[in-house]
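S.K.: The numbering used here numbers the first residue of the sequence shown as 3 and each following residue consecutively.
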Amino acid sequence: MSKTKMKVVALLIALMLVIPTMAAAAAPAVVATKSVEVQMVFDGKTLKLPDGQFVFMLKGTTYVPVRFVSYALQKNVNWDNAKSTVSVSNPSKEEQARLQQYLAALTAKDGENASKVGISKRLVEKQAKFIFNGKEMKLPVGQSAYILDGSLYVPVRFMSESSGIQITWNQKDNKISAKSSRPQAENPNGGNTTPTNPTNPSTGNGGSGNSGGTTNPGGGGNPGGNNGGNNQPNKPSYESITANAQSQLEALETSCKNSMMAIAGDLIAKKITKEEALNRGQAKLDECTTKFENILSSVESQLTSNGYSTDILQQYRDTFEKQVKDGKEVLEGMTG
């Protein structure tokens with residue numbers, strides 16, 4: 003191989019490694035938690051969360067899915083992936099009719115709670131901008147937004163203050179309640195339409211879908227991330243679950259490395275600046291981390307629900323962290 007080609011390859015490898023290494027300090031935080039059991043009463047009707055969505059308690063703060071609560075408050079939601087911006091606004095008449103149909107389909111049965119209790123999940127911190135009726139609203143200091151299986155979660159108090167609609171949290175009764183500014187009408191007859199991608203905060207325009215449910219907020223996908231197969235007639239084997247997990251993780255590793263190489267190639271070809279390369283690298287790191295956590299969350303759910311040990315999850319995590327460490331060491335060796 004010529005010296006020129008060797009230099010190009012070295013630059014590609016170095017950039018592929020330096021981007022995640024430099025961004026490691028700013029990598030999104032991951033929080034392990036369990037879901038809490040709640041009732042959700044909006045406009046006098048008890049609603050249940052879509053499959054794969056939950057309510058969480060973090061440091062004494064109750065977190066809820068942005069899109070679900072916005073819909074329950076009779077608000078429309080859009081996600082701008084390029085700007086990582088959530089926009090909540092009053093719906094048009096057509097959107098209002100869809101909202102009513104959607105919420106009617108989520109009406110809970112007597113005694114049914116909105117959120118299942120004790121479901122272990124790992125939430126990934128997500129930087130996002132929030133616009134309510136044209137005005138930017140910022141999360142309180144010390145609080146963050148989190149992503150899980152394509153659903154974005156924020157504090158219930160933040161939703162209340164930002165929307166201007168009082169949302170009451172009764173901790174004694176585990177009950178969240180509110181009266182929207184547009185009371186629900188009776189569910190119109192006919193029509194099977196629902197709001198655009200109603201269960202996924204990732205994209206107000208539908209998205210292309212992803213059976214893994216492991217997308218960042220802008221990639222569409224299956225909001226539930228329900229790959230656990232809990233309703234399968236035959237119990238899946240431990241080997242089949244872990245083999246599938248390994249396959250997903252290897253595919254994710256390949257995809258992320260290829261993306262980093264593409265960024266490096268664009269930088270070397272002077273199609274983008276170093277700053278642009280680092281920004282794209284940071285975004286890709288966030289996306290890969292989110293996907294990794296979602297895969298592990300799904301695998302953990304499958305293993306737990308079928309009575310298997312979850313010890314292998316730590317092996318997956320150790321491998322993931324080792325890749326970052328190895329990359330740093332290689333880079334230091336090349337630049338030392």
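Glycine included, C-beta positions come from ideal geometry on N, C-alpha and C.
Can you tell which of Ala245, Leu150, Met262 and Thr256 has its C-alpha closest to the C-alpha of Glu1?
M.R.: The structure shown does not extend to residue 1, since the chain spans only 3 to 338, so no value can be given for it.
S.K.: What three-state label does DSSP hand Asn80 in the structure shown?
M.R.: Start at 1 with the first residue of the sequence shown, and residue 80 comes out as number 78. Asn80: strand per DSSP, three-state reduction.
S.K.: Measuring straight from C-alpha to C-alpha, what distance separates Ala34 and Gln129?
M.R.: Counting from 1 along the sequence shown, the entry for residue 34 is found at position 32. Counting from 1 along the sequence shown, the entry for residue 129 is found at position 127. Rounded to the nearest angstrom, the gap between the Cα atoms of Ala34 and Gln129 is 18 Å.
S.K.: For the alpha helix (DSSP H) containing Asn260, name the first residue and the last one.
M.R.: By 1-based counting over the sequence shown, the position of residue 260 is 258. Its alpha helix (DSSP H) spans residues Tyr240 to Ile270.
S.K.: Would you mind reading off the limits of the beta strand (DSSP E) that contains Phe70?
M.R.: Here residue 70 refers to the residue found at position 68 of the sequence shown. Membership of Phe70 in any beta strand (DSSP E) is not indicated; the residue belongs instead to the alpha helix (DSSP H) covering Val68 to Ala74.
S.K.: Would you mind reading off the limits of the beta strand (DSSP E) that contains Tyr155?
M.R.: For this step, residue 155 is matched to residue 153 along the sequence shown. Boundaries of the beta strand (DSSP E) harbouring Tyr155: Ser153 to Pro157, taken from the DSSP string.
S.K.: Any idea what DSSP makes of Ser311, helix, strand or coil?
M.R.: Locating residue 311 in the sequence shown gives position 309, counting from the first residue. In the structure shown, Ser311 sits in coil (DSSP, three-state: anything other than H, G, I, E or B).
S.K.: Just the C-alpha distance for Met59 and Ser146, rounded to the nearest angstrom, thanks.
M.R.: The residue you call residue 59 lines up with position 57 of the sequence shown. The residue you call residue 146 lines up with position 144 of the sequence shown. Using only the alpha carbons, I get a separation of about 13 Å.
S.K.: Does the Cβ-Cβ distance between Asn80 and Asn92 come in under 8 Å?
M.R.: Translated into positions along the sequence shown, residue 80 becomes position 78. Translated into positions along the sequence shown, residue 92 becomes position 90. No, these two residues do not count as a Cβ contact at 8 Å.
S.K.: If you count every other CB in all the chains shown that lies within 10 Å of the CB of Val119, and 16 or more means buried, which is it?
M.R.: Here residue 119 is taken as the residue at index 117 of the sequence shown, counted from 1. Around the beta carbon of Val119, fewer than 16 other beta carbons sit within 10 angstroms, so the residue counts as exposed.
S.K.: Kindly list the residues whose CB is nearer than 8 Å to the CB of Pro190, restricted to its own chain and excluding five residues on each side of it in sequence; keep chain order.
M.R.: Counted from its first residue, the sequence shown places residue 190 at position 188. Confidence is the limiting factor: at Pro190 the pLDDT is only 40, short of 50, which leaves the residue's position unreliable, though a coordinate-based value still follows. Ala99, Gln102 and Gln103.
S.K.: What is the residue span of the alpha helix (DSSP H) that Glu127 lies within?
M.R.: Mapped onto the sequence shown, residue 127 falls at position 125. Per DSSP, Glu127 belongs to no alpha helix (DSSP H); it is in the beta strand (DSSP E), Ser122 to Lys128.
S.K.: Going by DSSP, what residues sit across from Leu49 in a beta bridge?
M.R.: For the purposes of this step, residue 49 is taken as residue 47 along the sequence shown, with counting starting at 1. DSSP output for Leu49 lists Met42 and Thr109 as bridge partner(s).
S.K.: Work out the CA separation of Ala107 and Thr291 for me, nearest whole Å.
M.R.: Taking the sequence shown and counting its residues from 1, one reaches residue 291 at position 289. Taking the sequence shown and counting its residues from 1, one reaches residue 107 at position 105. Cα to Cα, the separation comes out at about 34 Å.
S.K.: Can you give me the C-alpha to C-alpha distance between Ile133 and Pro157, rounded to a whole angstrom?
M.R.: For this step, residue 133 is matched to residue 131 along the sequence shown. For this step, residue 157 is matched to residue 155 along the sequence shown. Rounded to the nearest angstrom, the two C-alpha atoms are 15 Å apart.
S.K.: With Glu114 as the anchor, note down where its beta strand (DSSP E) starts and where it stops.
M.R.: Within the sequence shown, numbered from 1, the residue matching residue 114 stands at position 112. No beta strand (DSSP E) contains Glu114, which DSSP labels as neither H nor E.
S.K.: Terminal residues of the continuous beta strand (DSSP E) containing Ile133?
M.R.: Here the question's residue 133 lines up with position 131 in the sequence shown. Run containing Ile133: Lys131 to Phe134, per the beta strand (DSSP E) assignment.
S.K.: Can you grab the Cα-Cα spacing for the pair Ala180 / Ile169, in whole Å?
M.R.: Mapped onto the sequence shown, residue 180 falls at position 178. Mapped onto the sequence shown, residue 169 falls at position 167. Using only the alpha carbons, I get a separation of about 5 Å.
S.K.: Just reading off the beta strand (DSSP E) that Lys177 is part of, what are its end residues?
M.R.: Looking up residue 177 in the sequence shown gives position 175. Where Lys177 is concerned, the enclosing beta strand (DSSP E) stretches over Lys177 to Ala180.
S.K.: Counting along the chain, where does the beta strand (DSSP E) carrying Lys137 start and finish?
M.R.: As a working mapping, residue 137 is identified with position 135 in the sequence shown. Where Lys137 is concerned, the enclosing beta strand (DSSP E) stretches over Lys137 to Met139.
S.K.: Would you report the Cα separation of Asp53 and Thr63, rounded to the nearest angstrom?
M.R.: Indexing the sequence shown from 1 puts residue 53 at position 51. Indexing the sequence shown from 1 puts residue 63 at position 61. Their backbone Cα atoms lie some 22 Å apart in a straight line.
S.K.: Which one of Ser89, Met139 and Tyr155 has the shortest CA to CA distance from Val126?
M.R.: Position 124 of the sequence shown holds residue 126. Looking at the Cα atoms, Tyr155 is the closest of the given residues.
S.K.: With distances taken Cα to Cα, identify the nearest neighbour of Thr244 among Asn260, Lys259 and Tyr310.
M.R.: Looking up residue 244 in the sequence shown gives position 242. Among Asn260, Lys259 and Tyr310, the Cα nearest to that of Thr244 is on Tyr310.
S.K.: When the Cα atoms are used, what is the spatial distance from Arg282 to Ala271?
M.R.: Locating residue 282 in the sequence shown gives position 280, counting from the first residue. Locating residue 271 in the sequence shown gives position 269, counting from the first residue. In a straight line, the C-alpha of Arg282 is about 16 Å away from that of Ala271.
S.K.: By the 10 Å Cβ neighbour count, where 16 or more other Cβ atoms means buried, how is Glu323 classified, buried or exposed?
M.R.: Residue numbering aside, residue 323 sits at position 321 when the sequence shown is read from its first letter. Sixteen is the threshold: since fewer than 16 other Cβ atoms of the shown chains lie within 10 Å of the Cβ of Glu323, the residue is exposed.
S.K.: Cα separation between Ser117 and Thr48?
M.R.: In the sequence shown, residue 117 corresponds to position 115, counting from 1. In the sequence shown, residue 48 corresponds to position 46, counting from 1. Cα-Cα distance, rounded: 12 Å.
S.K.: State the DSSP-derived secondary structure class of Lys61, mapped to helix, strand or coil.
M.R.: The count along the sequence shown starts at 1 and reaches residue 61 at position 59. Here Lys61 sits in coil by DSSP.
S.K.: If you draw a straight line from the C-alpha of Val43 to the C-alpha of Lys111, how long is it?
M.R.: Mapped onto the sequence shown, residue 43 falls at position 41. Mapped onto the sequence shown, residue 111 falls at position 109. Counting only the Cα atoms, Lys111 lies some 12 Å from Val43.
S.K.: Judging by CA-CA distance, which residue of Lys85, Leu305, Val40 and Asp288 is the nearest neighbour of Ala31?
M.R.: As a working mapping, residue 31 is identified with position 29 in the sequence shown. Closest by alpha carbon: Asp288.
S.K.: Which residue from Val88, Ile149 and Leu298 puts its Cα closest to that of Lys140?
M.R.: Position 138 of the sequence shown, counted from the first residue, corresponds to residue 140. Considering only Val88, Ile149 and Leu298, the residue with the shortest C-alpha distance to Lys140 is Val88.
S.K.: Smallest Cα separation from Tyr240: which of Ala264, Gln304 and Leu298?
M.R.: To locate residue 240, count along the sequence shown from 1; it is residue 238. The candidate whose alpha carbon is nearest that of Tyr240 is Gln304.
S.K.: Quick check: the Cα distance between Leu51 and Val301, rounded to an integer number of angstroms?
M.R.: Along the sequence shown, one-based indexing puts residue 51 at 49. Along the sequence shown, one-based indexing puts residue 301 at 299. So the alpha carbons of these two residues sit roughly 22 Å apart.
S.K.: So the beta strand (DSSP E) Ser86 belongs to, where does it begin and stop?
M.R.: Residue mapping note: residue 86 aligns to position 84 of the sequence shown, counting from 1. From DSSP, Ser86 is part of no beta strand (DSSP E); its letter is neither H nor E.
S.K.: In this structure, what does DSSP give as the bridge partners for Thr35?
M.R.: As a first step, residue 35 is located in the sequence shown; it is residue number 33 there, counting from the start. Thr35 pairs with Lys123.
S.K.: Helix or strand or just coil, what does DSSP make of Ile149?
M.R.: Within the sequence shown, numbered from 1, the residue matching residue 149 stands at position 147. Strand at Ile149.
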